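In UniProt numbering, the protein residues as written are 1 to 460. Every residue, glycine too, gets a C-beta built ideally from N, C-alpha and C. Since we're looking at a predicted model, the values are computed, not measured. Each remark here refers to the structure printed beneath this line.
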Amino acid sequence: MPEPIPIQKDLSVAIVGGGMGGLAAGVALGRAGVKVDLFEQAPKFEEVGAGINLGPNTVRTLEQMGLGDEYNSVAETDDSGLFFQWWDGIKVHMGGETYTKYPRSAVHRARLLEVLHGSLPSSVTVHLGVRVTGVKNLPAEGKARITYIASQPPPNSMPSLPAGAALAQTPVVPKEEHFDADVVVGADGIKSVIRGIMAVPAPSEAGNAAGKPASQRYTGTYCYRALIPMEKAMELDVPEQAIYAQKPKMVFGQGRHLTIFPIEKGKVLNIVAFVSDRSKPKDERTWDGPWLKKVDMETIQSDFDGWDEYPKKLLGLISPKDQIQWALHEALSPTTWRQGRITLLGDAAHASLPHNGSGASMAIEDAYVLSGLLAMPQCTRENVEDFLQVYEDIRRPRGLRQQMHACETGEMFEYATDKWGKDTDAIAKEMLSRTDWIWDYNIENDMTDARDLLQQRRVI
């Protein structure tokens with residue numbers, strides 16, 4: 001259990017959302033002695049999600065947060081630097097290999113969330129089962145206020161305490177309440193309630209929606225996600241099945257592609273199969289119904305008609321409970337993240353397609369920079385808005401660039417670009433350096449730039 005951390009700073013922060021970014025911000029701020037209240041809608045921190053790749057930039061950031069050992073204990077690392085082997089889906093053959101100067105790192109999303117909520121210190125109070133309904137600035141009081149409805153979880157889902165954090169008491173009868181803090185951080189994901197209430201404008205990249213209140217939009221891509229026991233994957237009657245299952249693969253195809261990589265110390269194979277329709281402009285693509293749509297195996301197999309039998313056999317291992325189409329949406333970074341003492345973080349600010357493997361990375365980077373700024377001794381209740389503006393000015397360009405870049409990466413994987421076409425060797429060569437600008441990044445550069453901006457603006 002983490003050592004108790006006293007409140008060392010006269011600043012209070014309310015974080016809405018207990019996902020990757022919200023938890024990372026809670027850990028970093030709490031360890032800096034900032035009083036944090038974290039509000040999460042779920043009645044408990046659950047082990048949900050699939051495998052994710054984390055770039056070396058994020059591994060370094062976690063290390064700088066003091067979480068390196070905890071992360072490495074649950075991550076899957078390939079020290080050879082093999083990023084992916086490239087295959088063509090129609091007639092499976094090796095299209096090339098991409099090695100990087102860094103080890104490849106992957107982890108089950110649930111394990112990383114466990115590391116984060118298990119590292120929350122005593123300076124953090126967690127409010128579970130809370131549905132936030134409003135947020136506003138209180139200029140006269142120098143505060144921001146969230147309005148929420150809290151209720152006790154059902155008896156069969158009583159939450160467990162995060163390791164060092166306090167767990168707030170919830171009322172027996174649900175009722176509307178409010179909470180005031182010096183700063184409110186909307187880390188509540190792609191469907192962010194905080195962003196919606198702020199009604200901040202969408203950027204020019206949003207096409208017809210530019211200037212309107214920023215919201216999520218369907219990307220034209222859905223995916224199937226599954227975790228397959230490695231022993232089942234190894235039983236498939238395919239050539240070189242051991243190599244096929246135990247090494248990360250990217251299988252290309254026209255309008256679809258498949259990502260495969262091991263997690264859980266090689267015991268589980270993570271599979272994500274993408275299907276895209278780019279027949280309409282980006283700002284005209286729509287998805288009807290719930291974002292998660294139950295289908296059958298026949299539908300999954302038909303989505304990959306014409307593909308080689310080997311990837312289709314892997315898809316055949318998807319269990320009935322995982323036979324779901326996940327509609328992939330994005331929320332292009334609004335022109336501003338801040339209104340007074342309210343700001344955004346992670347997917348609430350810049351939810352993207354997953355093709356760079358950098359969605360969680362950007363959220364953790366956001367959390368590091370925001371926490372570093374708010375923890376500075378020069379940051380006070382009176383000037384905190386200046387620090388929030390610098391956070392946005394430093395982080396927004398990188399988040400937006402990653403969104404646009406990830407979209408193009410997905411197009412490249414699915415032969416939808418003029419530049420690379422169907423040349424898998426050219427795509428593999430592109431991937432040798434394509435993510436360097438993400439992976440080579442040292443988050444301390446953001447902090448240096450932030451301090452420079454604060455000095456230029458005579459805040460410090």
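Item                                                                                                                                                      : Value
Classify K415 as helix, strand or coil using the three-state DSSP reduction.                                                                              : A small correction: the amino acid at residue 415 is Tyr; Lys does not occupy that position in the sequence shown. Residue state, collapsed to three classes: coil.
Considering only the beta carbon of each residue, do G26 and V36 sit closer than 7 Å?                                                                     : yes
Measure the Cβ-Cβ separation of L40 and G66 and say whether it is below 7 Å.                                                                              : With the sequence shown as reference, residue 40 is identified as Glu, and Leu is not the correct amino acid for it. No, they are not a contact pair.
If distances are taken between C-alpha atoms only, which option among F45, R395 and G89 comes closest to D308?                                            : G89
Measure the CB-CB distance between I228 and L167 and report whether it falls below 7 Å.                                                                   : no
Locate the alpha helix (DSSP H) running through K293, then write down its first and last residues.                                                        : Where K293 is concerned, there is no enclosing alpha helix (DSSP H), although the beta strand (DSSP E) it sits in stretches over L292 to K294.
Hey, how far is the Cα of T417 from the Cα of R131?                                                                                                       : 42 Å
Exposed or buried, what is N208 when buried is set at 16 or more other beta-carbons lying within 10 Å of its beta-carbon?                                 : exposed
In the stretch 224-291, which residue ranges form an unbroken beta strand (DSSP E) of at least 3 residues, counting only runs that do not cross its ends? : 249-252, 256-263 and 268-276
Assuming S12 contacts D182 under a Cβ cut-off of 8 Å, what Cβ separation, rounded to an integer in Å, is found between them?                              : 5 Å
DSSP has Y148 in a bridge; who is on the other side?                                                                                                      : V132 and E177
DSSP on N53, reduced to helix/strand/coil?                                                                                                                : strand
Within 10 Å of its beta-carbon, does residue 538 have 16 or more other beta-carbons around it, so buried, or fewer, so exposed?                           : Residue 538 falls outside the range modelled here, since the chain spans only 1 to 460, and no answer is possible.
Which first and last residues belong to the beta strand (DSSP E) in which H329 is found?                                                                  : I324 to E330
Helix, strand or coil: which one does DSSP assign to N137?                                                                                                : strand
Just the C-alpha distance for R341 and Q455, rounded to the nearest angstrom, thanks.                                                                     : 20 Å
Is there contact here, the stretch 316-333 with the stretch 216-233, by at least three beta-carbon pairs under 8 Å?                                       : yes
List the endpoints of the continuous beta strand (DSSP E) containing G372.                                                                                : Here G372 belongs to no beta strand (DSSP E); instead the alpha helix (DSSP H) covers G359 to L374.
Which residues in the same chain have their Cβ closer than 6 Å to the Cβ of V272, if we skip the five residues on either side of it in sequence?          : C223, R225 and T259
Give the single residue among K265, Q325, H355 and L315 whose Cα lies nearest to the Cα of D288.                                                          : Q325
Taking DSSP as the reference, what is the three-state secondary structure of K35?                                                                         : strand
Assign S358 to buried or exposed, taking buried as 16 or more other Cβ atoms, counted over all protein chains shown, within 10 Å of its Cβ.               : buried
Residues in the same chain with beta-carbon distance under 6 Å from K9, minus the five sequence neighbours each way, listed in chain order, please.       : G33 and V34
Going by beta-carbon coordinates alone, are I146 and A360 separated by less than 7 Å?                                                                     : no
What is the rounded straight-line gap between the Cα of P377 and the Cα of R338?                                                                          : 22 Å
Which partner residues of K143 appear in the DSSP bridge assignment?                                                                                      : L138
How many Å lie between A242 and L317 at the Cα?                                                                                                           : At A242 the pLDDT is 47, less than 50, meaning the model places this residue with poor confidence and gives no usable figure here.
Can you name the residues that DSSP bridges to R104?                                                                                                      : D78
Given a threshold of 16 other Cβ atoms within 10 Å of its Cβ, counted over all protein chains shown, does H178 qualify as buried or as exposed?           : exposed
Is the distance from the Cβ of I394 to the Cβ of D452 below 7 Å?                                                                                          : no
Give me the DSSP bridge partner(s) of I125.                                                                                                               : Contrary to the premise, residue 125 reads as Thr rather than Ile in this sequence. D37 and A166.
Note down the Cα distance separating residue 461 from T125, rounded to an integer number of angstroms.                                                    : In this structure the chain extends from 1 to 460, so residue 461 is not present and cannot be described.
Would you mind reading off the limits of the beta strand (DSSP E) that contains S12?                                                                      : S12 to V16
For V184, write down the residues that DSSP places opposite it in a beta bridge.                                                                          : A14 and I342
Name the two residues that bound the continuous alpha helix (DSSP H) containing residue 464.                                                              : Look at the range of the chain in this structure, 1 to 460, and you will see that residue 464 is not part of it.
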